[in-house]
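Chemist: Going by full-length UniProt numbering, the residue at position 5 of the sequence shown is 5; the numbering climbs one at a time, nothing skipped. Here a beta-carbon is modelled for each residue, glycine too, at the ideal position from N, C-alpha and C. Attaching a single structure in structure tokens format; questions to follow.
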Amino acid sequence: MDIPEEYLLWMNNKGFPQGQLGQLLALALELKIHGLEDILTPLRKNNPPNHQHSTDDTLH
């Protein structure tokens, strides 16, 4: 999981955002706290992160 645990702990103290994003961030924290990050490995293998940027984002 690419989100640092410290960030998730900070968000937990400040309050997660409402809605699905907040639920997913809270779930990510639970997975990290309980050492369950490996259960996401099969999902990541089938859907690798897309870090491609459009040419509009390129600095010239």
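From the DSSP output, in three-state form, read off residue 19 for me.
Modeler: coil
Chemist: Given this structure, state the Cα-to-Cα distance separating residue 23 from residue 2, to the nearest angstrom.
Modeler: If I take the Cα positions, the gap works out to 17 angstroms.
Chemist: Could you say which of 20, 18, 26 lies nearest to residue 7 if we only look at CA atoms?
Modeler: 26
Chemist: At the level of alpha carbons, what is the spacing between residue 29 and residue 45?
Modeler: 21 angstroms
Chemist: Can you find the residues in the same chain that come closer than 7 angstroms, C-beta to C-beta, to residue 11, ignoring five residues on each side of it along the sequence?
Modeler: 25
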